[in-house]
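First up is the structure itself, then whatever we jot down about it.
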Amino acid sequence: MKALFLAGGMGTRLREMTKQLPKPMIPIFSKPLLARNIARLKEFGVDEVVLSTCYMPDKIRDYFGDGSGLGIKIDYVHEETPLGTGGAIRNAAAKFDDTFLVFNGDIVSGIDLGRMLSFHKAHRAEVTIAATYVEDPSAYGVIEYDAQRMIRAFKEKPQPGETDSHLINAGIYLFEPSVLAHIPTGRPVSVERETYPALLAAGCRMAVYHEEAYWRDLGTPRDYLAFTSDLLDEELPVFGGLSKMFYGVCKGAVTSPEATIIAPSYIAPGAVVKAHAVVGPYAVVEEGAVIGEGAEVDHAILWPGARLAPETKARDAIVVADASIPAGEYAHAILTGKPEDEEQAG
1 MKALFLAGGM
11 GTRLREMTKQ
21 LPKPMIPIFS
31 KPLLARNIAR
41 LKEFGVDEVV
51 LSTCYMPDKI
61 RDYFGDGSGL
71 GIKIDYVHEE
81 TPLGTGGAIR
91 NAAAKFDDTF
101 LVFNGDIVSG
111 IDLGRMLSFH
121 KAHRAEVTIA
131 ATYVEDPSAY
141 GVIEYDAQRM
151 IRAFKEKPQP
161 GETDSHLINA
171 GIYLFEPSVL
181 AHIPTGRPVS
191 VERETYPALL
201 AAGCRMAVYH
211 EEAYWRDLGT
221 PRDYLAFTSD
231 LLDEELPVFG
241 GLSKMFYGVC
251 KGAVTSPEAT
261 IIAPSYIAPG
271 AVVKAHAVVG
281 PYAVVEEGAV
291 IGEGAEVDHA
301 ILWPGARLAP
311 ETKARDAIVV
321 ADASIPAGEY
331 AHAILTGKPE
341 DEEQAG
């Protein structure tokens, strides 16, 4: 089975972070988010992946190549200018001749994709949209459906009492190639706002799939921090090959015996924690990051090469790659190492 990853977005809500990396390449415990998601898809029989790129495409190509390092075939389609979610899917149409999966590049999900595929086939759907439940749907576009889970309407930001549905688009889809001709070419298209309502109006069979499963959009710094905390808290079935055996101080990390590591935390191979530093709880210290003497880090992520000088405090912070925080500073935002470049994380 083939899958298309929509990996071309700029990630404007992540600001300073995506000046260095495209959003799907943000690190999750020593590997890019995209690599983690590809590993999960392999578990469900996906053997070929198409990556739709636009922003910083070389960062993605240089890491993944042809996919042989991951044991999967990887191909690419490129958008010279951003085409939106629908336009990106249409741009990749030539790569697919059978049922295929579409996966947004900035989400994590524990949805059982094998069950979703069986549901799609059983309902003879042309498009199946995975959905997640929200208590208050008024800030979202909700999916209305009948007793057979066939979609009958899309309602944008409904007022209280306007809909009984609490299901919103989870950014995972199954497509039949036959519907791709309905998507316009050569211009930006939103699959959510334009393509899906048009397909429904044209009489296409569209189903909604929902199960109780972990799901999170990593589109904001707050969500990125919260997700890493969730991973540290429990073994989530969202990534292939990632379990609690990887948590804690990894082999190859250099930690002073006079440092204090408070669980749950993750200290990557090649990370350095110096004497009297206090790391954790909920600290993620990536490869090559250095925590100076007496520094304190909790509820924070240090990207590869980030450096905290002695007596620095980092809390509710993301310190990006190769940033250096001066001695005595208190980091509580997205930090590049220059105060004027800070962007508040929440």
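Letter 100 of the sequence shown, counting from 1, is numbered 100 in full-length UniProt numbering, and no numbers are missing.
Cβ coordinates follow ideal geometry from the N, Cα and C atoms, glycine included.
The structure presented is a predicted model; accordingly, all values stated were derived computationally and were not measured.
{"Check": "Under the three-state reduction of DSSP, which class applies to I111: helix, strand or coil?", "Outcome": "coil"}
{"Check": "Given a cut-off of 7 Å on the beta-carbon distance, is the pair I129 and D217 in contact?", "Outcome": "no"}
{"Check": "What is the DSSP secondary structure of H78, reduced to helix, strand or coil?", "Outcome": "strand"}
{"Check": "Can you tell me where the alpha helix (DSSP H) holding A201 begins and where it ends?", "Outcome": "Y196 to A201"}
{"Check": "Note down, one range per segment and in chain order, each beta strand (DSSP E) of at least 3 residues found wholly within the stretch 239-301.", "Outcome": "265-267 and 283-285"}
{"Check": "Using the three-state DSSP reduction, which class does Y133 fall into: helix, strand or coil?", "Outcome": "strand"}
{"Check": "Looking only at its chain, what residues have a beta carbon closer than 6 Å to the beta carbon of W215, apart from the 5 residues adjacent to it on each side?", "Outcome": "S109, T132 and A170"}
{"Check": "Is R90 closer than 7 Å to E219 when the C-beta atoms are compared?", "Outcome": "Checking the displayed sequence, the identity of residue 219 turns out to be Gly instead of Glu. No, these two residues do not count as a Cβ contact at 7 Å."}
{"Check": "Would you mind giving the Cβ-Cβ distance between A94 and L4, rounded to the nearest angstrom? I have them listed as a contact below 8 Å.", "Outcome": "Contact flag wrong, Cβ pair sits at about 12 Å."}
{"Check": "Which residues does DSSP pair with residue 374 in a beta bridge?", "Outcome": "Because the chain here runs from 1 to 346, residue 374 falls outside it and cannot be looked at."}
{"Check": "Can you give the Cα-Cα distance for F154 and M56, rounded to whole angstroms?", "Outcome": "33 Å"}
{"Check": "Here's a check: name, in chain order, each residue in its chain whose Cβ is nearer than 6 Å to the Cβ of G114, leaving out the five neighbours to either side.", "Outcome": "F44"}
{"Check": "Going by Cα to Cα distance, which pick from T195, I318 and P184 is closest to I26?", "Outcome": "I318"}
{"Check": "Determine, using beta-carbon pairs with one atom in the stretch 182-190 and one in the stretch 117-128, whether at least three such pairs fall under 8 Å.", "Outcome": "no"}
{"Check": "DSSP three-state label for Y63, please.", "Outcome": "helix"}
{"Check": "Which residues does DSSP pair with L217 in a beta bridge?", "Outcome": "Just to set this straight, residue 217 is Asp in the shown sequence, not Leu. The partner list for D217 (beta bridge, DSSP) reads I107."}
{"Check": "Excluding five sequence neighbours on each side, which residues of the same chain lie with their C-beta closer than 7 Å to the C-beta of K23?", "Outcome": "G9, G11, L14, G105 and D106"}
{"Check": "As a quick exercise: from E311, T195, H299 and Y282, pick the residue whose alpha carbon is nearest that of I291.", "Outcome": "E311"}
{"Check": "Which of the three DSSP states is assigned to V127 in this structure?", "Outcome": "strand"}
{"Check": "Compute the Euclidean distance between the alpha carbons of S265 and E212, then round it to the nearest angstrom.", "Outcome": "27 Å"}
{"Check": "Could you check which residue in V127, R307 and L232 has the C-alpha nearest to that of L180?", "Outcome": "V127"}
{"Check": "Cutting at 6 Å between CB atoms, please list the residues of its own chain near A277, excluding the five before and the five after it.", "Outcome": "A259, I291 and A295"}
{"Check": "Taking the beta strand (DSSP E) that I318 falls in, what are its first and last residues?", "Outcome": "K313 to V319"}
{"Check": "Rounding to the nearest angstrom, what Cα-Cα distance links G305 and G84 in this structure?", "Outcome": "33 Å"}
{"Check": "Based on Cα-Cα distance, which residue from Q148, Y173 and E144 lies nearest to S165?", "Outcome": "E144"}
{"Check": "If we ignore side chains and look at the alpha-carbon of each, how far apart do S68 and Q159 end up?", "Outcome": "49 Å"}
{"Check": "According to DSSP, is M1 part of a helix, a strand, or is it coil?", "Outcome": "coil"}
{"Check": "Please return the same chain residues whose Cβ sits closer than 6 Å to the Cβ of H54, not counting the five positions on each side in sequence.", "Outcome": "The question names His, yet the displayed sequence has Cys at residue 54. Cβ within range, chain order: G8, E79 and P82."}
{"Check": "What is the rounded straight-line gap between the Cα of V238 and the Cα of L33?", "Outcome": "11 Å"}
{"Check": "Buried or exposed for S178, please, with buried defined as at least 16 other CB atoms from any protein chain shown within 10 angstroms of its CB.", "Outcome": "exposed"}
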